[in-house]
Amino acid sequence: MSITVDHLSKSYGKQLVLDDISFNIGQGEIVGFLGNNGAGKSTTMKIITGYRKFDAGTVKVCGIDINDNPIEARRKIGYLPEHNPIYPDLYVKEYLKFIANLYKMDNPLKRVDNIIELTGLTRECHKKIGTLSKGYRQRVGLAQALIHDPEVLILDEPTTGLDPNQITEVRDLIKEVGKEKTIMLSTHIMQEVSAICDRVIIINQGKIVADDNEQQIVRQQDGVTIFIEFSAPQKADELSAIGKVKQVNETTFLINGETDLSNELFQFAVGHGCSIKTMKQQEMSMEDAFRKLTSNK
Numbered sequence: 000m001s002i003t004v005d006h007l008s009k010s011y012g013k014q015l016v017l018d019d020i021s022f023n024i025g026q027g028e029i030v031g032f033l034g035n036n037g038a039g040k041s042t043t044m045k046i047i048t049g050y051r052k053f054d055a056g057t058v059k060v061c062g063i064d065i066n067d068n069p070i071e072a073r074r075k076i077g078y079l080p081e082h083n084p085i086y087p088d089l090y091v092k093e094y095l096k097f098i099a100n101l102y103k104m105d106n107p108l109k110r111v112d113n114i115i116e117l118t119g120l121t122r123e124c125h126k127k128i129g130t131l132s133k134g135y136r137q138r139v140g141l142a143q144a145l146i147h148d149p150e151v152l153i154l155d156e157p158t159t160g161l162d163p164n165q166i167t168e169v170r171d172l173i174k175e176v177g178k179e180k181t182i183m184l185s186t187h188i189m190q191e192v193s194a195i196c197d198r199v200i201i202i203n204q205g206k207i208v209a210d211d212n213e214q215q216i217v218r219q220q221d222g223v224t225i226f227i228e229f230s231a232p233q234k235a236d237e238l239s240a241i242g243k244v245k246q247v248n249e250t251t252f253l254i255n256g257e258t259d260l261s262n263e264l265f266q267f268a269v270g271h272g273c274s275i276k277t278m279k280q281q282e283m284s285m286e287d288a289f290r291k292l293t294s295n296k
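Sequential numbering of the sequence shown, starting at 0, is according to numbering that gives the first Met the number 0.
Encoded structure:
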C-alpha cells in the first residue's frame, strides 16, 4: 500500500479532530478525500506528510512508518498544501532549482527542465512567480511537489479559487501525473471527484463515513428513486420487498433502492394483474450523497 492509516486519532486540547480513523490507498490510485470544513481533512493530510503529530494509531507511506523513519517517509511524498507556499519574488526556474537543491538532486537543472515541461510552465519559467495567474501559481506548486519524483502526491484543494479554464488545466495535469503516482486530494468540488478520482473517502466530524467508488457510495445512500403510478391500487407493504416505499396515494408510490428497480417493478405489475401508467427514475447525485452523509442534524 502507498498510504496506510490505522486507528488514527488526534485532538487539539479537548476537541477530538480525528476519531480512530483507518483507510488504505493502493499504488496508482487517485483518491478524493471529502468532508465539510473542520471535518479533519487537512489535519489528516498534514499528519500523513509529517507536519502534524498525532495521539494514537499508525501511519505508513510506502510501508515506512512516519514516526520511526520520518525523513525516509517524506522522501516518498510530494505535498501541495491548501495555501501554496511559494516565493512570489523568485523566478519560476530559480524557485524550482532552489527546491531541487534542497533535495540534493544529482542533476538539478535537468530535473527542473523536465518538470517545467511536464507541468506546462515552459512559457512562464522566466517570469517572477508573483506575476503569474493563480492557475500558473498552482502549476508551480505542483512542480515543486513533483520535483523529487515522489511515489505519493498529497494535494489539499488544488483547484480552489481557479477559474473554469484553469480548473480544467490543473485537473488534466493531475490525471496525467496520476498515471504514474498515487494521489490523495481533498476538494469541495463534486465534479472534480467524477472527473479524476478512482475512489472517494468521506470524513465527517473526525470519522470515516464512506470509502468506495462514487457509484457505490451513491447507491449505498438509496441512490435510485423511482416515481411509479399503477393502473390499480396497490399495497405499500407488498412493494416494500423491492425497496423503501413512500406511498403518495392508492396507486402512486416513491421507491428507493441501491440499483435500477425497473425489472422488479414490471414483474410486480404483471404478477398483480395491472399495468404501469407512469414510471420515472432519478439517481441521487454525488452531491446529494455527500450532503446525506455529512448532515449533522
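In this text, a Cβ means the ideal position worked out from N, Cα and C, and glycines have one as well.
Determine the direct distance from the alpha carbon of residue j to that of residue i, and round the result to whole angstroms.
{"i": "valine 60", "j": "phenylalanine 53", "result": "15 Å"}
{"i": "leucine 120", "j": "tyrosine 135", "result": "7 Å"}
{"i": "valine 58", "j": "leucine 238", "result": "47 Å"}
{"i": "lysine 243", "j": "glycine 272", "result": "22 Å"}
{"i": "aspartate 105", "j": "aspartate 112", "result": "14 Å"}
{"i": "glutamine 280", "j": "phenylalanine 289", "result": "20 Å"}
{"i": "proline 149", "j": "methionine 0", "result": "15 Å"}
{"i": "glycine 205", "j": "valine 16", "result": "5 Å"}
{"i": "histidine 147", "j": "tyrosine 102", "result": "7 Å"}
{"i": "aspartate 155", "j": "threonine 258", "result": "33 Å"}
{"i": "lysine 127", "j": "glycine 49", "result": "30 Å"}
{"i": "valine 151", "j": "isoleucine 24", "result": "10 Å"}
{"i": "asparagine 100", "j": "proline 87", "result": "19 Å"}
{"i": "lysine 13", "j": "alanine 38", "result": "16 Å"}
{"i": "glutamate 116", "j": "lysine 178", "result": "17 Å"}
{"i": "isoleucine 254", "j": "isoleucine 46", "result": "43 Å"}
{"i": "isoleucine 153", "j": "proline 69", "result": "16 Å"}
{"i": "phenylalanine 252", "j": "asparagine 36", "result": "37 Å"}
{"i": "threonine 43", "j": "valine 30", "result": "14 Å"}
{"i": "aspartate 162", "j": "arginine 110", "result": "29 Å"}
{"i": "arginine 122", "j": "arginine 51", "result": "37 Å"}
{"i": "valine 81", "j": "lysine 245", "result": "The question names valine, but residue 81 is glutamate in the sequence shown. If you take the alpha carbons of glutamate 81 and lysine 245, they lie about 43 Å apart."}
{"i": "asparagine 295", "j": "threonine 130", "result": "42 Å"}
{"i": "glutamine 266", "j": "glutamine 214", "result": "26 Å"}
{"i": "arginine 218", "j": "valine 247", "result": "23 Å"}
Only counting the same chain, and skipping five residues up and downstream in sequence, which positions put a Cβ closer than 7 Å to that of residue i?
{"i": "glycine 34", "result": "Lys40, Ile201, Ile202, Asn203, Thr293"}
{"i": "lysine 174", "result": "Ile195"}
{"i": "serine 274", "result": "Ser230, Ala268"}
{"i": "glutamine 26", "result": "Ser1, Thr181"}
{"i": "serine 10", "result": "Val16, Asp54"}
For the alpha helix (DSSP H) containing residue i, name the first residue and the last one.
{"i": "alanine 144", "result": "133-145"}
{"i": "isoleucine 46", "result": "40-47"}
{"i": "phenylalanine 289", "result": "285-293"}
{"i": "aspartate 148", "result": "First-last for aspartate 148: undefined, no H or E at that position."}
{"i": "methionine 189", "result": "189-195"}
{"i": "glutamine 266", "result": "261-270"}
If we call anything under 7 Å between Cβ atoms a contact, is residue i one with residue j?
{"i": "isoleucine 85", "j": "valine 139", "result": "yes"}
{"i": "leucine 260", "j": "isoleucine 225", "result": "yes"}
{"i": "isoleucine 216", "j": "valine 192", "result": "no"}
{"i": "glutamine 28", "j": "aspartate 197", "result": "The sequence shown places glutamate at residue 28, not glutamine. Taking 7 Å as the Cβ cut-off, glutamate 28 and aspartate 197 qualify as a contacting pair."}
{"i": "leucine 95", "j": "alanine 144", "result": "no"}
{"i": "alanine 142", "j": "isoleucine 182", "result": "no"}
{"i": "isoleucine 65", "j": "glutamate 71", "result": "no"}
{"i": "lysine 180", "j": "glycine 160", "result": "no"}
{"i": "histidine 6", "j": "glycine 77", "result": "no"}
{"i": "valine 4", "j": "phenylalanine 32", "result": "no"}
Starting from residue i and walking both ways along the beta strand (DSSP E), at which residues does that stretch end?
{"i": "valine 247", "result": "Here valine 247 belongs to no beta strand (DSSP E), and DSSP marks it neither H nor E."}
{"i": "leucine 238", "result": "No beta strand (DSSP E) holds leucine 238; the alpha helix (DSSP H) holding it covers 235-238."}
{"i": "serine 185", "result": "181-185"}
{"i": "isoleucine 200", "result": "198-203"}
{"i": "aspartate 211", "result": "206-211"}
{"i": "glutamate 282", "result": "275-282"}
{"i": "glutamate 228", "result": "223-229"}
Sorted by chain position, which residues of the same chain lie with C-beta nearer than 6 Å to residue i's C-beta, five sequence neighbours on each side aside?
{"i": "leucine 263", "result": "A small correction: the amino acid at residue 263 is glutamate; leucine does not occupy that position in the sequence shown. So the qualifying residues of the chain are Ile241."}
{"i": "threonine 277", "result": "Glu228"}
{"i": "arginine 73", "result": "Gly49"}
{"i": "glycine 256", "result": "Val223, Gly242"}
{"i": "glutamate 249", "result": "Pro232"}
{"i": "valine 176", "result": "none"}
By Cβ distance, which residues of its chain are closer than 8 Å to residue i, with the 5 residues on each side in sequence left out?
{"i": "histidine 125", "result": "Tyr90, Val91, Lys92"}
{"i": "glutamate 286", "result": "Met189"}
{"i": "glutamine 220", "result": "Met283, Asp287, Ala288, Lys291, Leu292"}
{"i": "threonine 158", "result": "Gln137, Gln165, Ile166, Val169, Arg170, Thr186, Ile188, Glu191"}
{"i": "aspartate 18", "result": "Ser8, Gln204, Gly205, Lys206"}
{"i": "proline 107", "result": "Lys96, Ala99, Asn100"}
{"i": "asparagine 212", "result": "Asp197, Arg198, Val199"}
Report whether the distance from the Cβ of residue i to the nearest heavy atom of the ligand FMN is below 6 Å.
{"i": "isoleucine 195", "result": "Of the ligands one can find in the structure shown there are none, so the ligand FMN has no counterpart to examine."}
Exercise. In chain order, which alpha helix (DSSP H) runs of at least 4 residues are fully inside the segment 93-138?
Worked result: Within the segment 93-138, the complete alpha helix (DSSP H) runs of at least 4 residues are 107-117.
Exercise. What are the start and end residues of each continuous alpha helix (DSSP H) run of 4 or more residues lying completely inside the segment 7-89, in chain order?
Worked result: 40-47, 69-74
Problem set entry | alpha helix (DSSP H) runs wholly inside the segment 158-182, at least 4 long, in chain order | 163-176
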